[in-house]
């Protein structure tokens, strides 16, 4: 409960930006948006959500910052995982390094309800 409360409060306070799946098509069509998939290899192999996404599993993210574009004002990282929890952590971690991030609420599990890929 404490973790969910902290996440919820951070979202309410605007410390972590979020979006829902119905907002994704408009975001991915913007040239300033990079989609970052922080799921495991197995999860990505099972269900590919967005073929043009950069894939860096959350447990490797700190060691692979060099693969990300520089943190610049006009770039946005749209981050997703299986449920939204790991992408939340990735947003917090990357924001500490100057990135502008958007966490995809509900992750791949919610997207499966819609039954589609981008």
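Numbering (my numbering), first residue to last: 7 to 124. No residue lacks a Cβ here, since even glycine has one placed at the ideal position from N, Cα and C. On a predicted model such as this, the values are computed, not experimentally measured, just so you know.
Judged by DSSP secondary structure, residue 98 falls within the alpha helix (DSSP H) whose first and last residues are 91-101.
Distances from the CA of residue 106 to each of 28, 41, 29, 31 were compared; the closest alpha carbon is that of 41.
With distances taken between CA atoms, residue 48 lies nearest to 63 out of 38, 39, 63. Following the DSSP letters along the chain, one finds residue 84 in no alpha helix (DSSP H) but inside the beta strand (DSSP E) bounded by residues 82-86. For the pair residue 45 and residue 114, the CB atoms are nearer than the 8 angstroms cut-off. Looking at the DSSP output, residue 36 sits in no beta bridge, so it has no partner there. In this structure, 71 is the residue among 89, 71, 86, 118 with its C-alpha nearest to the C-alpha of residue 103.
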